[in-house]
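Worksheet: one structure, shown below.
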Amino acid sequence: MNLNNYVRALLLAVLTGGVTQAQDQHPVSNRKFADVMGFGGAPWLERSERDAEEAPEMALDAIGIKPGMIIADVGSGTGYFSRRMAKRTGAAGKVYAVDIQPRMIQSLQEYSKREGITNIEGIVSTANDPKLPAASIDMILMVDVYHEFSKPQEMLRKMRAALKPGGRMILLEYRKEDPKVPIRLEHKMTVGEAKAEIEAEGFRLDKVISSLPRQHILIFVPTANQ
Numbered sequence: 005m006n007l008n009n010y011v012r013a014l015l016l017a018v019l020t021g022g023v024t025q026a027q028d029q030h031p032v033s034n035r036k037f038a039d040v041m042g043f044g045g046a047p048w049l050e051r052s053e054r055d056a057e058e059a060p061e062m063a064l065d066a067i068g069i070k071p072g073m074i075i076a077d078v079g080s081g082t083g084y085f086s087r088r089m090a091k092r093t094g095a096a097g098k099v100y101a102v103d104i105q106p107r108m109i110q111s112l113q114e115y116s117k118r119e120g121i122t123n124i125e126g127i128v129s130t131a132n133d134p135k136l137p138a139a140s141i142d143m144i145l146m147v148d149v150y151h152e153f154s155k156p157q158e159m160l161r162k163m164r165a166a167l168k169p170g171g172r173m174i175l176l177e178y179r180k181e182d183p184k185v186p187i188r189l190e191h192k193m194t195v196g197e198a199k200a201e202i203e204a205e206g207f208r209l210d211k212v213i214s215s216l217p218r219q220h221i222l223i224f225v226p227t228a229n230q
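Everything in the sequence shown is counted per my numbering, starting at 5 for the first residue and increasing by one.
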């Protein structure tokens with residue numbers, strides 16, 4: 005999707021209730037929380053151009069999904085990544101698709117049914133709780149969503165509690181350092197912003213992967229002293 009199409013899609017989301025307003029900023033970085041893309045923007049999540057723009061299979065190769073893993077896709081939307089991950093984990097694995105909007109979860113379930121995917125469980129979360137089972141998750145993935153959290157500190161604490169020993173939390177975020185990435189500034193993050201905010205909640209930035217066309221892959225692990 006080119007910049008003009010993105011602007012039109014975002015305007016459509018605003019006009020159709022696809023965006024809700026964030027009202028605060030992060031106390032560590034002073035980053036203003038971005039507006040949330042609502043269900044009115046769901047077609048943008050499934051746009052045909054996304055494969056070329058974001059290279060999702062390359063991203064999943066890079067983060068190392070194995071058969072049998074238990075994964076949480078927090079901010080899953082329509083399940084663009086959930087469905088791909090569920091196929092990689094196989095029948096022995098599972099994906100929890102977590103979203104604050106029931107209509108997104110409903111759409112995800114419809115896509116999954118059409119594709120014959122049976123190992124995804126949808127969870128309707130709240131702004132401060134992903135509602136994941138404790139100490140049960142091998143990997144938490146958030147794709148272009150962390151920057152929209154209105155209660156990021158509370159969400160991070162709950163997600164940390166949901167990870168198994170040795171579990172990882174992974175963010176994909178549009179590179180704010182790169183002005184050529186055609187996304188509104190508040191929907192991008194720098195590595196420094198993410199590191200400062202997330203390490204304050206008991207994580208350590210373990211690795212940064214910069215091979216994707218527009219996004220960072222930021223891999224965090226829980227620290228031992230929390």
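Glycine is no exception: its CB is placed at the ideal position from the N, C-alpha and C atoms.
How big is the Cα-Cα spacing for Arg208 and Ala101? Each residue's CA atom was taken as its position, placing Arg208 and Ala101 some 24 Å apart.
In this structure, does DSSP put Ile67 in helix, strand or coil? Here Ile67 sits in helix by DSSP.
Could you check if Val149 is buried or exposed, using at least 16 other CB atoms within 10 Å of its CB as the buried criterion? The C-beta of Val149 has 16 or more other C-beta atoms within 10 Å across all chains shown, which makes the residue buried.
Nearest to Met62 (by Cα), restricted to the options Leu222, Leu216, Glu119: If we check each option's Cα against that of Met62, Leu216 comes out closest.
Shorter than 8 Å from the beta carbon of Asn132 to some beta carbon of chain B? Absent here is chain B; the protein component of the structure consists of one chain.
Which word fits Val99, buried or exposed, when buried means at least 16 other C-beta atoms lie within 10 angstroms of its C-beta? Counting the other CB atoms within 10 Å of its CB gives Val99 a total of 16 or more, which places it among the buried residues.
Decide yes or no for the touch test of the region 74-88 against the region 182-200: beta carbon pairs closer than 8 Å, at least 3 of them. Taking a cut-off of 8 Å on C-beta distances, the region 74-88 does not touch the region 182-200, as fewer than three cross pairs fall below it.
Spell out the partners DSSP gives Tyr100 in its beta bridges. Within the DSSP bridge table, the entry for Tyr100 names Ala76, Glu125 as partners.
Tell me which residue opens and which closes the beta strand (DSSP E) that Met193 is part of. Premise fails: Met193 is in no beta strand (DSSP E) and is neither H nor E.
Suppose you measure from the CA of Ile174 to the CA of Ile141; what does that come to, to the nearest Å? If you take the alpha carbons of Ile174 and Ile141, they lie about 12 Å apart.
Would you report the Cα separation of Gly42 and His151, rounded to the nearest angstrom? Separation of Gly42 and His151 (C-alpha to C-alpha, rounded to the nearest whole angstrom) is 14 Å.
Less than 6 Å between C-beta atoms, sequence neighbours within five positions excluded: which residues of the same chain meet that for Gln105? Once the five neighbours on either side are set aside, the close Cβ partners of Gln105 are Phe43.
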